[in-house]
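Below is one structure, written out as C-alpha coordinates, with a few remarks after it.
Numbering (the working numbering), first residue to last: 9 to 167.
Given below as C-alpha coordinates:
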(Lines of atoms letter the chains of each structure in order from A; the text may use other names.)
(Lines give C-alpha, C1' and ligand atoms only; values in the text may rest on other atoms or scores of the structure.)
Protein backbone atom coordinates (compact mmCIF):
# COMPACT_ATOMS: atom_id res chain seq x y z
CA UNK A 9 0.00 0.00 0.00
CA UNK A 10 1.32 3.44 -0.98
CA UNK A 11 1.40 6.11 1.76
CA UNK A 12 0.99 9.78 0.93
CA UNK A 13 3.21 12.37 2.52
CA UNK A 14 1.45 15.05 4.58
CA UNK A 15 2.44 17.68 1.98
CA UNK A 16 0.25 15.89 -0.61
CA UNK A 17 -2.94 16.48 1.39
CA UNK A 18 -4.85 19.74 1.01
CA UNK A 19 -4.06 22.05 3.91
CA UNK A 20 -6.56 23.78 6.16
CA UNK A 21 -5.87 27.51 5.80
CA UNK A 22 -6.89 30.48 7.89
CA UNK A 23 -7.18 34.18 7.32
CA UNK A 24 -7.95 36.92 9.81
CA UNK A 25 -9.73 39.87 8.23
CA UNK A 26 -10.38 42.84 10.47
CA UNK A 27 -10.62 46.58 10.52
CA UNK A 28 -9.56 48.89 13.30
CA UNK A 29 -11.88 51.87 13.30
CA UNK A 30 -10.78 55.00 15.18
CA UNK A 31 -13.20 57.90 15.33
CA UNK A 32 -15.09 56.48 12.32
CA UNK A 33 -11.98 56.04 10.13
CA UNK A 34 -10.43 52.69 9.15
CA UNK A 35 -6.81 52.83 10.29
CA UNK A 36 -5.73 49.20 9.75
CA UNK A 37 -6.85 45.99 8.03
CA UNK A 38 -5.91 42.36 8.80
CA UNK A 39 -3.52 39.64 7.70
CA UNK A 40 -3.01 35.87 7.35
CA UNK A 41 -2.56 33.54 10.30
CA UNK A 42 -1.10 30.26 11.47
CA UNK A 43 -3.33 27.36 12.47
CA UNK A 44 -1.35 25.93 15.37
CA UNK A 45 -0.87 22.25 16.20
CA UNK A 46 -3.36 22.39 19.09
CA UNK A 47 -5.94 23.81 16.64
CA UNK A 48 -5.39 20.98 14.18
CA UNK A 49 -5.70 18.49 17.05
CA UNK A 50 -8.93 20.21 18.22
CA UNK A 51 -10.34 19.93 14.70
CA UNK A 52 -9.58 16.21 14.62
CA UNK A 53 -11.23 15.75 18.04
CA UNK A 54 -14.28 17.74 16.94
CA UNK A 55 -14.67 15.59 13.83
CA UNK A 56 -14.33 12.55 16.07
CA UNK A 57 -17.25 13.71 18.20
CA UNK A 58 -15.46 15.21 21.20
CA UNK A 59 -17.41 18.10 22.71
CA UNK A 60 -15.95 21.47 23.66
CA UNK A 61 -13.69 21.70 20.64
CA UNK A 62 -15.78 24.13 18.56
CA UNK A 63 -14.62 27.73 18.12
CA UNK A 64 -16.28 30.26 20.44
CA UNK A 65 -13.97 33.24 21.03
CA UNK A 66 -11.41 35.63 19.58
CA UNK A 67 -8.77 37.12 21.83
CA UNK A 68 -6.23 39.93 21.71
CA UNK A 69 -2.96 39.95 23.59
CA UNK A 70 0.37 41.67 24.11
CA UNK A 71 2.85 38.95 23.06
CA UNK A 72 5.04 39.86 20.10
CA UNK A 73 6.91 36.62 19.40
CA UNK A 74 6.46 35.21 15.91
CA UNK A 75 3.68 32.62 15.51
CA UNK A 76 4.82 29.03 15.89
CA UNK A 77 2.93 25.78 15.32
CA UNK A 78 3.57 24.89 18.97
CA UNK A 79 1.84 28.01 20.38
CA UNK A 80 -0.81 27.22 23.02
CA UNK A 81 -2.05 30.68 24.04
CA UNK A 82 -1.61 34.43 23.82
CA UNK A 83 -0.18 36.81 26.41
CA UNK A 84 -2.59 38.74 28.65
CA UNK A 85 -5.60 37.62 26.61
CA UNK A 86 -8.79 39.66 26.50
CA UNK A 87 -11.45 37.60 24.73
CA UNK A 88 -14.82 38.28 23.13
CA UNK A 89 -17.42 35.75 22.06
CA UNK A 90 -17.99 35.03 18.41
CA UNK A 91 -20.95 37.19 17.36
CA UNK A 92 -21.87 35.15 14.27
CA UNK A 93 -20.74 32.01 12.48
CA UNK A 94 -21.27 31.68 8.73
CA UNK A 95 -20.75 28.36 6.98
CA UNK A 96 -20.67 28.14 3.19
CA UNK A 97 -23.16 30.90 2.33
CA UNK A 98 -23.42 34.63 2.93
CA UNK A 99 -19.66 34.82 3.49
CA UNK A 100 -17.96 38.21 3.57
CA UNK A 101 -14.96 38.98 1.37
CA UNK A 102 -12.24 41.37 2.49
CA UNK A 103 -13.76 44.10 0.29
CA UNK A 104 -17.19 43.62 1.91
CA UNK A 105 -18.82 41.75 -0.97
CA UNK A 106 -20.74 38.55 -0.23
CA UNK A 107 -19.89 35.11 -1.67
CA UNK A 108 -20.68 31.43 -1.19
CA UNK A 109 -18.13 28.62 -0.85
CA UNK A 110 -18.94 25.27 0.81
CA UNK A 111 -15.30 24.91 1.96
CA UNK A 112 -15.33 28.09 4.09
CA UNK A 113 -16.42 28.96 7.63
CA UNK A 114 -16.21 32.45 9.12
CA UNK A 115 -16.25 33.48 12.77
CA UNK A 116 -17.32 37.13 13.10
CA UNK A 117 -16.37 39.25 16.12
CA UNK A 118 -16.36 42.78 17.55
CA UNK A 119 -14.06 44.36 20.12
CA UNK A 120 -16.05 47.43 21.14
CA UNK A 121 -14.72 50.76 22.30
CA UNK A 122 -14.90 49.58 25.91
CA UNK A 123 -12.94 46.32 25.42
CA UNK A 124 -9.13 45.97 25.80
CA UNK A 125 -8.77 49.73 26.35
CA UNK A 126 -5.14 50.89 26.82
CA UNK A 127 -3.83 47.49 25.67
CA UNK A 128 -0.92 47.43 23.22
CA UNK A 129 -2.38 44.74 20.96
CA UNK A 130 0.33 42.68 19.31
CA UNK A 131 -1.46 39.38 18.75
CA UNK A 132 -4.84 37.84 17.98
CA UNK A 133 -5.98 34.31 18.82
CA UNK A 134 -8.93 32.12 17.82
CA UNK A 135 -10.08 29.88 20.70
CA UNK A 136 -12.16 26.72 21.16
CA UNK A 137 -14.84 26.38 23.85
CA UNK A 138 -12.42 24.53 26.15
CA UNK A 139 -9.81 27.32 25.83
CA UNK A 140 -7.62 25.57 23.24
CA UNK A 141 -5.82 28.00 20.90
CA UNK A 142 -6.83 27.23 17.31
CA UNK A 143 -5.07 30.01 15.37
CA UNK A 144 -2.75 32.92 16.05
CA UNK A 145 -1.70 36.14 14.30
CA UNK A 146 1.02 38.57 15.38
CA UNK A 147 1.16 42.15 14.11
CA UNK A 148 4.39 43.78 12.95
CA UNK A 149 3.99 46.42 15.64
CA UNK A 150 1.50 46.84 18.47
CA UNK A 151 -1.77 48.73 18.16
CA UNK A 152 -2.31 50.93 21.22
CA UNK A 153 -6.08 50.50 21.60
CA UNK A 154 -7.91 53.51 22.94
CA UNK A 155 -11.49 54.01 24.07
CA UNK A 156 -12.31 55.36 20.60
CA UNK A 157 -11.14 52.21 18.78
CA UNK A 158 -13.44 49.45 17.59
CA UNK A 159 -12.11 46.26 16.01
CA UNK A 160 -14.51 44.35 13.75
CA UNK A 161 -13.85 41.39 11.54
CA UNK A 162 -13.93 37.70 10.93
CA UNK A 163 -11.61 34.76 11.14
CA UNK A 164 -12.00 32.59 8.04
CA UNK A 165 -11.00 28.93 7.83
CA UNK A 166 -10.86 27.25 4.41
CA UNK A 167 -10.77 23.48 3.95
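We treat Cβ as the ideally placed atom computed from N, Cα and C, and that holds for glycine.
Among the residues of its own chain, which have a CB less than 6 Å from the CB of residue 47, if the five just before and after it don't count? 142 and 143
With C-beta atoms as the reference, is residue 87 less than 9 Å away from residue 60? no
I need the straight-line Cα distance from residue 31 to residue 103, nearest angstrom please. 20 Å
Just reading off the beta strand (DSSP E) that residue 158 is part of, what are its end residues? 157-166
Within the chosen definition, does the stretch 37-55 reach the stretch 112-123 through at least 3 CB pairs nearer than 8 Å? no
For residue 124, which residues of its own chain have a beta-carbon under 7 Å away from its beta-carbon, when the five flanking residues on both sides are left out? 68, 86 and 153
Spatial distance of residue 42 from residue 29 (CA atoms): 24 Å
Of the choices 38, 51 and 37, whose alpha-carbon is the least far from that of residue 20? 51
For residue 154, which of helix, strand or coil comes out of DSSP? coil
Beta-carbon spacing of residue 116, residue 94 below 9 Å: yes
Which term fits residue 148, buried or exposed, when burial requires 16 or more other beta carbons within 10 angstroms of its beta carbon? exposed
Nonlocal neighbours in the same chain, by C-beta distance under 8 Å from residue 27, ignoring five residues either side: 34, 36, 37, 38, 159, 160 and 161
Out of 136, 101, 83 and 111, which has the shortest C-alpha to C-alpha gap to residue 53? 136
In the DSSP output, what is residue 91 paired with across the bridge? Note: residue 91 sits in no beta bridge, so no partner.
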